[in-house]
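Peer 1: Chains as they are written, first to last, in the working numbering: chain A, 98 to 211; chain B, 19 to 132. All residues carry an ideal CB built from backbone N, CA and C; glycine is no exception. Note that the structure is a prediction, hence the values are computed from the model and not measured.
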Amino acid sequence: GENVEQHPSTLSVQEGDSAVIKCTYSDSASNYFPWYKQELGKRPQLIIDIRSNVGEKKDQRIAVTLNKTAKHFSLHITETQPEDSAVYFCAASGAHSGNTPLVFGKGTRLSVIA
Amino acid sequence: NAGVTQTPKFQVLKTGQSMTLQCAQDMNHNSMYWYRQDPGMGLRLIYYSASEGTTDKGEVPNGYNVSRLNKREFSLRLESAAPSQTSVYFCASSEAPDFGETQYFGPGTRLLVL
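#1: Hey, is Asp-156 (chain A) close to the ligand ATP, as in C-beta under 8 Å from one of its heavy atoms?
#2: Check each candidate in B:Asn-80, B:Ala-42, B:Thr-33 and name the one with the smallest Cα separation from Asn-19 (chain B).
#3: Residues of chain A with CB closer than 7 Å to the CB of Met-59 (chain B), please, in chain order.
#4: Counting C-beta neighbours from all protein chains within 10 Å, is the total for Arg-95 (chain B) 16 or more, i.e. buried, or is it exposed?
#5: Is it true that the CB of Ala-110 (chain B) sits closer than 9 Å to the CB of Val-30 (chain B)?
#6: My guess is that Arg-206 (chain A) and Val-184 (chain A) are in contact by the Cβ rule of under 8 Å, so how many angstroms apart are they, rounded?
#7: For Gly-126 (chain B), which residues in chain A fall below 8 Å Cβ to Cβ?
#8: Based on Cα-Cα distance, which residue from A:Phe-170, A:Thr-175, A:Asp-181 lies nearest to Ala-188 (chain A)?
#9: State whether the stretch 110-125 of chain A contacts the stretch 136-153 of chain A, with contact taken as three or more CB pairs (one from each stretch) at a distance under 8 Å.
#10: Along the stretch 43-67 of chain B, where does the CB come closer than 9 Å to a CB of chain A? Name the residues.
#11: Just checking my contact of Gly-124 (chain B) with Gln-55 (chain B) at CB under 8 Å: how many whole Å lie between their CB atoms?
#12: Measure from the C-beta of Val-200 (chain A) to each C-beta in chain B and report whether the shortest distance is under 9 Å.
#13: Out of A:Thr-162, A:Glu-99, A:Lys-139, state which residue places its alpha-carbon closest to the alpha-carbon of Asn-150 (chain A).
#14: Is the beta carbon of Tyr-51 (chain B) sitting closer than 9 Å to the one on Leu-39 (chain B)?
#15: Check whether chain A comes within 9 Å of Phe-28 (chain B), counting only Cβ atoms and requiring the distance to be less than that.
#16: Tell me which residue opens and which closes the beta strand (DSSP E) that Gln-142 (chain A) is part of.
#17: For the beta strand (DSSP E) holding Leu-199 (chain A), just list the boundary residues, first then last.
Structural data, given as structure tokens:
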């Protein structure tokens, strides 16, 4: 089955700097890659997702890149702000290869230092 | 719309006791999921229901059972609770049964088994 590895497990950045979180996946049939943000004590919420027919997607300060050949995808947050502090989870799913549910990475705790 | 709701919010059990966690969604979604979240382990899928009338095991199903009562409701039962089941439990739902869609999470149930 699918295995998703996420790095780093913790990340501290100065406010205004960029943050990058990387994930690798094992199933070459996976083609849906969402990112979820979970603030302390709250539920996970989708912030951005990408499908395998796209190499990059951007939404304001957040972008995701996908390298299908290398089987890795990354979350990029620019101009970080204190409210970006949270745990971020990547996930992968073979949405069109036979109904395989999302497999999540173990999360990255991002701290933005003011 | 309330989205995804879960009850109870917090529960303390003694080893060997049983309980049912309730989940309901009002978004007319087809798929529903139960996850557990433990420190450093990310979100692990316990069971899921791709559509009304179907249920399937996820990554960590041992010690749990589920019931898709109708399209709206998906319950998780612990027949004989063990300390290893101490965790935060999240229910989620998504519109399409192919897993390539946004999952909406409930607020979580914090379970402590003594």
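Peer 2: According to the structure data:
#1: Judged by which ligands are present, the structure shown has none, so any question about the ligand ATP falls away.
#2: Here residue 19 (chain B) refers to the residue found at position 1 when the second sequence is read from its first residue. Nearest C-alpha to Asn-19 (chain B): B:Ala-42.
#3: On the second sequence, position 41 is the one that residue 59 (chain B) refers to. The answer, in chain order, is Lys-203.
#4: Residue mapping note: residue 95 (chain B) aligns to position 77 of the second sequence, counting from 1. It is exposed - the Cβ of Arg-95 (chain B) has fewer than 16 other Cβ atoms within 10 Å.
#5: Mapped onto the second sequence, residue 30 (chain B) falls at position 12. Mapped onto the second sequence, residue 110 (chain B) falls at position 92. Cβ atoms of Val-30 (chain B) and Ala-110 (chain B): not closer than 9 Å.
#6: For the purposes of this step, residue 206 (chain A) is identified with residue 109 of the first sequence, where counting begins at 1. For the purposes of this step, residue 184 (chain A) is identified with residue 87 of the first sequence, where counting begins at 1. Correct: roughly 5 Å between the Cβ atoms.
#7: Along the second sequence, one-based indexing puts residue 126 (chain B) at 108. Residues of chain A passing the Cβ test: Arg-140.
#8: As a working mapping, residue 188 (chain A) is identified with position 91 in the first sequence. Looking at the Cα atoms, A:Phe-170 is the closest of the given residues.
#9: no
#10: Ser-49, Tyr-51, Tyr-53, Gln-55, Gly-58, Met-59, Gly-60, Leu-61, Arg-62, Leu-63, Tyr-66
#11: The residue given as residue 124 (chain B) occupies position 106 in the second sequence. The residue given as residue 55 (chain B) occupies position 37 in the second sequence. Their Cβ separation, rounded to whole angstroms, is 12 Å, which puts Gly-124 (chain B) and Gln-55 (chain B) out of contact at 8 Å.
#12: To locate residue 200 (chain A), count along the first sequence from 1; it is residue 103. Val-200 (chain A) counts as touching chain B.
#13: Here the question's residue 150 (chain A) lines up with position 53 in the first sequence. The residue with the shortest Cα to Cα distance from Asn-150 (chain A) is A:Thr-162.
#14: In the second sequence, the residue the question calls residue 51 (chain B) occupies position 33. In the second sequence, the residue the question calls residue 39 (chain B) occupies position 21. Contact: no.
#15: By 1-based counting over the second sequence, the position of residue 28 (chain B) is 10. Chain A contact via Cβ: absent.
#16: By 1-based counting over the first sequence, the position of residue 142 (chain A) is 45. Run containing Gln-142 (chain A): 142-148, per the beta strand (DSSP E) assignment.
#17: Position 102 of the first sequence, counted from the start, is the residue given in the question as residue 199 (chain A). Leu-199 (chain A) -> no beta strand (DSSP E), and no H or E assigned at all.
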